[in-house]
Amino acid sequence: MKKVTNHKHKKKILTAGPSISHLEVQFVTDAVKHAWHDRGYEWVKRFEHEFAQYTGSGFTLATAGGACALELALAAIGIGPGDEVILPDMTYFGCSDVVRLVGATPVFVDILRDTWCIDPDKIIPAITKRTKAIMPVDLYGHASEMEQIQEIAKKYHLFVIEDACQGVGTLYKGRHVGAYADLAAYSFQGSKILTTSVGGMLATNSKKLYEKARMLNKHGEDPQKPFWQLEVGYEYKMSDLQAAFGLAQLKRIETFVEKKQQLYEWYRPYLQDIPGLLMNVEKPDVRSNHWMSSIVLDNDLGITRDQLRKALLERNIDTRPFFYPISMFPLYKEAHTPIAHHTGLNGINLPSGLQLTKDEVVFVAKAVRDILLHTV
Ligand SMILES: *Cc1c(COP(=O)(O)O)cnc(C)c1O
């Protein structure tokens, strides 16, 4: 065995990180100064409008976060106690939380081995009389199999709520993710490709669902009669300061997608030929935003995921473990989802921040290769 080189990067290489330009500063400064009284919500409306134009959505509602948008989507449909929602087992637990928060039950199914998104073939056996919706998640920026999911939903009269939180800029069959769902949620949390520091967006092509969600997000206020309440609702709004930030980011989103694709292309030559190592893929019908360049230790490589992460940290390289299958948590009954279990416990998100340089990416890629193969 050759010796493993072990030099440390001077500056810590972080997993995520935004790209901030003078435009964000300029827009936010303007909002701080002017977005008050009769100019209140101007930036929010502009951001909603331009985001709808970018994604091709009929209606958009800016929210306080991606999970808030998902919860409003469930509430707008009227999903509640006694209902079931099908979602992939390997995703962020915010997804299952919102199902629980409206009083419904999450049902976890397995994922695909290549895209790590929900396996459409596993959806049908999970459908019961109580199933109301399917919640596919565009994991790490790859699109879910929306055409197949849409067919299943039609056949069984289910709603599709797409968690596109990680997928801003991702295209599926030429259209932005979310376009094939009844409702879609996007997140602008700090690690996401487009950020407002904290924030999200709900999108739909249904005027009825949009109006219901908007009404619910004003604590159920009657749109015709201010201060008159019709229903118990929410207050998950986005502020003008966040919207101004988001609008500046939106003007630059295509450059972010290009940069993420570039990071992936910088990693690829060093990692793609390592036996037993899987990288994220990009299926022919998809333009992935490559939010996170990621790897899965698919075979026994003689090192565990956590040992690899530790060895990288010793070189000043930050990484993120994949999501644990949610059904592993004591809150739930463990589901039979072998691929989610295998992937969730052996996957790593590599540094994928927008500020990374080629030298930094190559340093990380070589370190991973070096550790896995014990050679440079
Ligand atoms: C980030 C994220 C969320 C939650 O978004 P917030 O804006 O943090 O509420 C939900 N689902 C997925 C898949 C996410 O990555």
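With positions in the sequence shown counted from 1, the corresponding number in the working numbering is that position plus 2. Built from N, CA and C at the ideal position, the CB exists for glycine as well.
Per DSSP, cross-strand counterpart(s) of residue i
i	result
I120	I113
T206	F61, L185
Q231	E223
N351	S296, R322
I15	I319
T107	E86
K239	T65
S199	Q191
Contact test: residue i Cβ vs ligand 1 heavy atom, cutoff 7 Å
i	result
Y158	no
K239	no
C70	yes
C119	no
Q231	no
T93	yes
D165	yes
K194	yes
G96	yes
V170	no
Q191	yes
G202	yes
G278	no
V162	no
V139	yes
G67	yes
Residue i vs residue j beta-carbon contact at 8 Å
i	j	result
E73	V104	yes
T339	P327	yes
G201	A66	yes
C167	Y142	no
L265	H292	yes
M217	A71	no
G19	L252	no
L160	L185	no
F247	F29	yes
Of all the alpha helix (DSSP H) runs that stay within the bounds of the segment 63-105, which reach a length of 4 or more residues?
-> 68-79, 96-103
Mind listing, in chain order, the continuous beta strand (DSSP E) runs of no fewer than 3 residues lying wholly within the segment 286-331?
-> 296-299
Jot down the residue ranges of each uninterrupted alpha helix (DSSP H) in the segment 123-183, minimum 4 residues, whole runs only, in chain order.
-> 148-158
Considering only residues of the segment 32-61, which uninterrupted beta strand (DSSP E) runs meet the minimum length of 3 residues and lie entirely inside it, listed in chain order?
-> none
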